[in-house]
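Residue numbers (this note's numbering): -12 to 448. All C-beta atoms in this analysis are idealised placements derived from N, C-alpha and C, irrespective of residue type, glycine included.
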Amino acid sequence: MPKLWGGRFAGETDELVARYNASLPFDVRLVDEDIDGSIAWARALVGAGVLDASEAARLVEGLEAVRAEFDAGQFAAAPGDEDIHTAVERRLTELVGPLGGRLHTGRSRNDQVATDFRLWVMRACDALLGEVAALQRALLASAEAHLHLPMPGYTHLQQAQPVTWGHWALSHFWPLERDRGRLRQARAAASVLPLGSGALAGSGFPVDRAALAAALGFDRVAPNSIDAVADRDFAADFLYACAMTGIHLARLSEQLILFSSAEFGFVALPDAYSTGSSLMPQKKNPDTLELTRGKAGRLLGHLTGLLATLKGLPSAYDKDLQEDKEPVFDAADTLTLALPVMAGLIGALEVRPERMRAALAQAGGGLFATDVADYLVERGVPFREAHALVGRAVRRAEALGVGLDALPPAEWQAIHPLLGGDLSALFDVRAALGRRRAEGGTAPEALARQVARAKEQLAVS
Ligand code: ARG
């Protein structure tokens, strides 16, 4: 089979160069989008007066036959099949004869590949939106199951203030909600039709691009044919959305790795999501979580890699752009596996209230230092002063070798007369949680409101 572009060449392509040039091994994944695009194009050519209706119908039938061969795993690639676009056209022409040679009228692989790739990214966004939502549902279910279960909250990985398991679990719900926003934006960025832009200067045949856009499910038509064949912003947007999602999954993983260690023991990892050591019989390793944490690096690399490829390209299509697909495919594949794995793990996680209770008890009242300061503030002491006074109490307790909750009343009294009374109510975890009633806080009513908001978000999509 001669090459699509072979006319002006006398010599053969070097064999290694042909392999180097070829994208079929990976862009075969665009087959459905390529065939959808070609079917829409064949119909547009009727409107443009290039084909009559029966010719278009034969092309559509031929294209569906090629699709069926791919679906059945019966498609046989030929040596000259450089990419999915040439492969489909070559096979179509074998099936329908010289009519196949008319399909590419007024079209270029430049607007064709941009169209196919955008369609693929739009579909990938739709699928990933569903997977992110499934993980959000798992987090929400875990949050609701232990909404008010107290546990120590950490900043700088140091015990800070009490929170609840539900509050913590939902703290991983909202980043994913933002990730869904980014995926929707990437989808909208992709939903612009390049087809009808030709190689770069536009199509020489009067195709109705608005009708093409509608037929293929694009929101808009690209307004400039040069930009249309060059623009890969949508791919970068997609990779950014994926990288951020990966970073959020990594943060969740890192925290669960810590929480499942013997030192914390707040959760037990399900056997189905853990692995053992080939040497140490006692080990139960959080490999699943470590892999998820590690894959964030790979997703980040795909984004920076594509941006580096795009940097410095002149206008319109350049072959560098063929490098856009593998990072996008791999990012989608990575998350298509990571998201349901994480959702399954969250669903099967064993939460251990007794270990959280023990950690709270061991904290020796330090978690309530802010509450003591707030107590003074409520009685007229400026916050900065209150902060310093409680800081002195912490130092005093340390010197005496007791927890802040065991500092004798006389010591408190010596620090400030307002602290002379019974402070025990301040060292109560439920009281501390309940005091944070402002929206977004740990009080039962604030948590209920947060759960309701989370449910609203899941319901709209
Ligand atoms: N395989 C190419 C790609 O993925 C298709 C476009 C080729 N266009 C060209 N003028 N060589 O980018």
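DSSP state of residue i, grouped into three classes?
i	result
alanine 255	strand
glutamine 349	helix
glycine 449	Any property of residue 449 remains undetermined from this structure, which presents the chain solely from -12 to 448.
glutamate 432	helix
glutamine 148	strand
threonine 0	coil
methionine 329	helix
glutamate 398	helix
methionine 267	coil
glycine 140	strand
leucine 300	coil
threonine 463	Residue 463 is absent from the model: the chain starts at -12 and stops at 448.
glutamate 337	strand
valine 389	coil
leucine 180	strand
Would you say the beta carbon of residue i comes nearer than 7 Å to a heavy atom of the ligand ARG?
i	result
arginine 96	yes
lysine 442	no
histidine 91	no
serine 10	yes
valine 100	yes
leucine 308	yes
tyrosine 304	yes
lysine 312	yes
aspartate 14	yes
aspartate 317	no
aspartate 70	yes
Taking residue i as the reference, which of the options has the closest Cα?
i	options	result
tyrosine 304	Arg78, Arg171 and Val216	Val216
leucine 332	Pro273, Val83 and Gln99	Pro273
histidine 159	Ser184, Ala120 and Leu278	Ala120
valine 179	Ile26, Ala222 and Asp68	Ala222
leucine 256	Leu245, Ser265 and Leu266	Leu245
alanine 419	Ala393, Thr151, Leu287 and Arg382	Thr151
arginine 94	Gln146, Val100 and Gly183	Gly183
aspartate 103	Arg78, Leu293, Glu51 and Lys312	Lys312
glycine 67	Phe13, Glu42, Asp113 and Thr0	Thr0
proline 85	Gly49, Phe253, Met231 and Asp166	Gly49
glutamate 56	Ala74, Asp166, Gln437 and Ala198	Ala74
serine 10	Val100, Ser190 and Arg(-5)	Val100
aspartate 307	Ala(-3), Leu3 and Asn8	Asn8
histidine 135	Arg366, Gln400, Arg344 and Gly367	Arg344
alanine 188	Arg196, Ala176, Ser212 and Asp14	Ser212
threonine 232	Ala318, Leu394, Leu3 and Val338	Ala318
threonine 321	Asp361, Ala335 and Arg280	Arg280
alanine 209	Asp98, Gly(-7), Asp70 and Ala330	Asp98
methionine 109	Gly353, Val315, Leu297 and Arg366	Val315
arginine 383	Leu394, Asp361 and Arg105	Leu394
alanine 330	Leu236, Leu363 and Ser265	Leu236
alanine 5	Ala65, Glu20, Asp39 and Leu46	Ala65
leucine 243	Val338, Arg436 and Pro137	Val338
arginine 422	Asp409, Phe355 and Lys442	Phe355
aspartate 415	Phe(-4), Ala348, Leu79 and Leu38	Ala348
alanine 497	Ala59, His72, Phe13 and Gly87	No answer is possible for residue 497: the residues shown for the chain start at -12 and end at 448.
leucine 106	Ala177, His72 and Gly367	Ala177
threonine 357	Arg167, His154, Ser240 and Asp392	Asp392
serine 248	Trp155, Ser265, Leu266 and Lys270	Lys270
tyrosine 362	Gln400, Leu413, Ser240 and Ala346	Leu413
arginine 196	Asp218, Trp28, Ala173 and Gly352	Trp28
If you measure from the beta carbon of residue i to each beta carbon in chain B, is any gap under 8 Å?
i	result
glycine 84	The structure shown contains no chain B, having only a single protein chain.
Threshold first: 4 residues or longer. Then list the alpha helix (DSSP H) segments lying entirely within the region 190 to 221, N to C. Counting only runs of at least 4 residues, the region 190 to 221 fully encloses the following alpha helix (DSSP H) elements, listed from N- to C-terminal order: 196 to 203 and 212 to 217.
Residue ranges of each beta strand (DSSP E) run of no fewer than 3 residues wholly in the region 26 to 86, ordered along the chain? Listed in chain order, there is nothing to give.
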